[in-house]
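Engineer:
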Amino acid sequence: MFNRVDHIGVAVEDLDVSLELYERDYGMKLVHRETVAEQGVEAVLLDVGENHVELLAATGPDTPVGKFLAKKGPGMHHVAYQVDDIESALAALKQAGLRLIDETPRSGIRDSRVAFLHPATAGGLLTEIVQPAEAH
Ligand code: CO
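Adding 545 to a residue's 1-based position in the sequence shown gives its number in our numbering.
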């Protein structure tokens with residue numbers, strides 16, 4: 546069902562401070578930066594080979610990432626797997642008994658379509674599936 550790990554999502558307090566680690570010290574290439582207002586996050590995508598690290602900062606305390614940071618502090622937030630067809634993947638995962646946070650895909654960064662699975666039935670790990678935008 547999953548083609549590969551698309552990215553690891555990391556919650557951070559301050560994107561520019563975190564970029565000193567990921568971009569300057571680790572030498573990862575920053576490929577995208579975008580604020581997704583409806584999700585209350587500012588996200589940065591860095592290349593690691595053909596995979597990515599996604600740094601997530603909250604746009605305010607009353608957002609999912611803001612609440613995560615208040616509760617757990619910065620660190621690993623979610624893992625994202627890449628799929629070709631997000632509707633059929635969601636249907637199969639629902640059929641398998643997994644609890645979906647998103648019954649239908651929502652828009653992610655770089656025109657991707659994404660959906661989240663609840664950690665309760667995903668081994669304790671917030672899990673995202675992502676269908677990238679068609680290459681163009
Ligand atoms: Co993500």
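No residue lacks a Cβ here, since even glycine has one placed at the ideal position from N, Cα and C.
Keep in mind it's a predicted model, so treat the numbers as computed, not measured.
Looking only at C-alpha atoms, which of 652, 630, 546 and 625 sits nearest to residue 663?
Structural biologist: Stepping through the sequence shown from its first residue, residue 663 is reached at position 118. Comparing Cα positions, the closest option is 625.
Engineer: Can you say whether residue 641 is buried or exposed, counting buried as having 16 or more other CB atoms within 10 angstroms of its CB?
Structural biologist: On the sequence shown, position 96 is the one that residue 641 refers to. Looking at its Cβ environment, which holds fewer than 16 other Cβ atoms inside 10 Å, residue 641 is exposed.
Engineer: With distance defined between alpha-carbon atoms, name the residue in 657, 614, 600 and 623 nearest to residue 630.
Structural biologist: Here residue 630 is taken as the residue at index 85 of the sequence shown, counted from 1. Nearest of 657, 614, 600 and 623 to residue 630, Cα basis: 657.
Engineer: I need the boundaries of the alpha helix (DSSP H) containing residue 632, first residue and last residue.
Structural biologist: To locate residue 632, count along the sequence shown from 1; it is residue 87. Taken as a continuous stretch (DSSP letters only), the alpha helix (DSSP H) holding residue 632 covers 631-640.
Engineer: Hey, quick one: how far does the beta strand (DSSP E) through residue 555 stretch, first residue to last?
Structural biologist: The sequence position of residue 555 within the sequence shown is 10, counting from 1. Start and end: 549-556.
Engineer: Between which two residues does the beta strand (DSSP E) containing residue 615 stretch?
Structural biologist: Start at 1 with the first residue of the sequence shown, and residue 615 comes out as number 70. Careful: residue 615 lies outside any beta strand (DSSP E), inside the alpha helix (DSSP H) at 609-617.
Engineer: Taking the straight line between their C-alpha atoms, what separation do you get for residue 566 and residue 622?
Structural biologist: Along the sequence shown, one-based indexing puts residue 566 at 21. Along the sequence shown, one-based indexing puts residue 622 at 77. Distance between the alpha carbons of residue 566 and residue 622: 17 Å.
Engineer: Quick check on DSSP: helix, strand or coil for residue 681?
Structural biologist: Locating residue 681 in the sequence shown gives position 136, counting from the first residue. Here residue 681 scores only 48 on pLDDT, less than 50, and its place in the model should not be relied on; the value that follows carries that caveat. Note: residue 681 maps to coil in three-state DSSP.
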